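For reference, the structure is listed below as structure tokens.
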């Protein structure tokens, strides 16, 4: 057999973009932002008169500037740029450049030769190298769990863990939760834009209301689903019910239907999931399901169908903020699962059922109830410090602390802390005390390792205060996340390509002779 010639390593010079979009330190942010928009780039390199990079200004800086309320027409680039940016030479391998970007959390790095700017390379450029490499060649070592690996492009949203920010489309998810009803955000996710008139908002809400009712053929089977199993797991029951809805309504493979049909499937599933959760819970408890009401909003209806009473307005508002904050969160495991299933051409119901299955895993969906269990195990303020210290010294995980992506405060936790404060009560006060003590203990015993509360910590406090049963915490999460899943299903189907990654075989060398028959 002829020897296979080794594949040469790709260099930064092979993948960098040139010429580079630049700005002067004395120019205004507005001018630099206009240049970025004109050239459709995510950053500008700030150079001196000799074309030496002295700074870099990115979309992240623009977001920080907007959040600070600064006037871009009167603010200089020098005030917001990152000074003395890291640079890379054009003869560095793409593998090494990727490692540097990944290590520091950068998205762009200027390329210089003899101190002069000659190009810029981005994480996207380097990921394209991985795509075009021949079989058997690797531009870099793929990390376990695909952490940091870009697998697709999306317009739905993103998570920026280094700065504690996430967004739906172009809007801050936290700002949407504070200012918009969930129906508006639902329309943003599915149709790509917020309603611009009260009439448009009402029309979308009416579309949802008409789809909340459980199909008759499914209703008759819910009792069996609710009573199945000695130990009842609500999320498993929801998975079965969603599958039955999709089968009953005749969902067809996404490959065989147009966008309008797939969108209709998505709206049906998103609208009926809260009704299914409430009905299954009540049937398991020995009560009759409660029909949705057309005069109640999404969160109020959800609590009403669960509890049998119209909720207090402050409870409906609090749960609605929680639901909006959990609609989408990047390419998490369940969202990725939904897109992989859709990429096969399967129907939307199959994608949602698969996503629920991924969410059921303790390492993904988590459980706000576990954070509540920890608070109850601590019990009293005076026990907080010694309890937490003993837990950290044993190496136990503090429930509700830490996140795979966020390296600073989880913005969802900050939102829900405010929501908990608005609701008030002893539980909220105790949770804040435990949070403060945990930060102190971690700073002392784990110096250099900063852990912050995640969405689970205050979500449990909010949901418990609003009388959501602990067994329904994760199904409640699913009742909003299904909107995000379906938005990703629609996006995947619109420009589909089968997701079929490769793997590294690390077993015994083949081909080995097959042992003689026994």
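Numbering (my numbering), first residue to last: 2 to 519.
Even for Gly, the Cβ is constructed at its ideal location relative to N, Cα and C.
As the structure is a computational prediction, the values presented were derived from the model and not from experiment.
Going by C-alpha to C-alpha distance, which of the options sits closest to residue i?
i, options, result
"residue 300", "163, 29 and 213", "213"
"residue 436", "478, 320, 464 and 390", "390"
"residue 457", "477, 442, 446 and 445", "477"
"residue 472", "380, 203 and 370", "370"
"residue 327", "438, 400, 344 and 160", "160"
"residue 19", "48, 120, 357 and 266", "120"
"residue 205", "184, 215 and 353", "184"
"residue 465", "425, 110, 96 and 444", "425"
"residue 294", "287, 312, 286 and 507", "312"
"residue 240", "361, 181 and 258", "361"
"residue 236", "23, 442, 22 and 474", "474"
"residue 422", "151, 208 and 459", "459"
"residue 40", "343, 223 and 22", "22"
"residue 396", "427, 378, 443 and 359", "443"
"residue 38", "48, 60 and 345", "60"
"residue 503", "147, 288, 154 and 382", "147"
"residue 79", "112, 386, 495 and 49", "49"
"residue 337", "154, 58 and 381", "154"
"residue 483", "335, 515, 292 and 110", "335"
"residue 358", "238, 497, 202 and 512", "238"
Suppose the cutoff is 7 Å on Cβ atoms and the five residues either side in sequence are ignored; what does the same chain contact list for residue i look like?
i, result
"residue 376", "431, 432 and 435"
"residue 264", "191 and 491"
"residue 74", "29 and 31"
"residue 256", "346"
Flag residue i as yes when its Cβ comes closer than 6 Å to any non-hydrogen atom of the ligand GTP, and as no otherwise.
i, result
"residue 425", "Inclusion of the ligand GTP in the displayed structure is not the case, the ligand content being empty and no account of it being possible."
What residues in its chain sit with their C-beta under 6 Å from that of residue i, if we drop five residues either side in the sequence?
i, result
"residue 133", "Annotation note: pLDDT 43 at residue 133 (below 50); position unreliable, no value reported."
"residue 136", "Caution applies to residue 136, whose pLDDT of 40 falls short of 50 and renders its modelled position unreliable; the value that the coordinates give is listed next. Cβ neighbours of residue 136 beyond the five flanking positions: none."
"residue 481", "324, 327 and 328"
"residue 510", "none"
"residue 62", "81"
"residue 283", "290"
"residue 266", "252 and 349"
"residue 10", "94"
"residue 243", "353 and 354"
"residue 175", "412 and 416"
"residue 76", "30"
"residue 116", "53"
"residue 500", "341 and 344"
"residue 26", "47, 78 and 79"
Residues bridged to residue i by DSSP?
i, result
"residue 123", "109"
"residue 77", "29"
"residue 24", "47"
"residue 118", "113"
"residue 332", "The partner list for residue 332 (beta bridge, DSSP) is empty, contrary to what the question assumes."
"residue 402", "454"
"residue 94", "12"
"residue 18", "121"
"residue 89", "112"
Give the secondary structure of residue i by DSSP, where H, G and I count as helix, E and B as strand, and everything else as coil.
i, result
"residue 56", "strand"
"residue 480", "helix"
"residue 12", "strand"
"residue 84", "strand"
"residue 295", "coil"
"residue 61", "helix"
"residue 504", "coil"
"residue 519", "coil"
"residue 253", "coil"
"residue 326", "helix"
"residue 238", "helix"
"residue 409", "coil"
"residue 278", "helix"
"residue 314", "helix"
"residue 513", "coil"
"residue 153", "coil"
"residue 39", "helix"
"residue 289", "coil"
Comparing the C-beta of residue i with each C-beta of chain B, is any distance below 7 Å?
i, result
"residue 321", "Chain labels in this structure do not include chain B; a single protein chain is all it has."
Excluding the five sequence neighbours on either side, which residues of its own chain have a C-beta within less than 8 Å of the C-beta of residue i, listed in chain order?
i, result
"residue 169", "157, 158, 177, 186, 189, 190, 328 and 329"
"residue 246", "215, 216, 219, 269, 270, 273, 277 and 350"
"residue 446", "390, 393 and 394"
"residue 248", "350"
"residue 193", "156 and 170"
"residue 85", "55 and 56"
My parser needs the beta strand (DSSP E) runs of 3 or more residues fully inside the segment 156-235; what are they?
The beta strand (DSSP E) runs lying completely inside the segment 156-235 and spanning 3 residues or more are 158-161 and 166-169, given in chain order.
If we require 4 or more residues per run, which alpha helix (DSSP H) segments fall completely within the segment 340-394?
349-360 and 369-379
Segments assigned beta strand (DSSP E), at least 3 residues, entirely inside the segment 423-500
Taking 3 residues as the minimum length, the segment 423-500 contains no beta strand (DSSP E) run wholly inside it.
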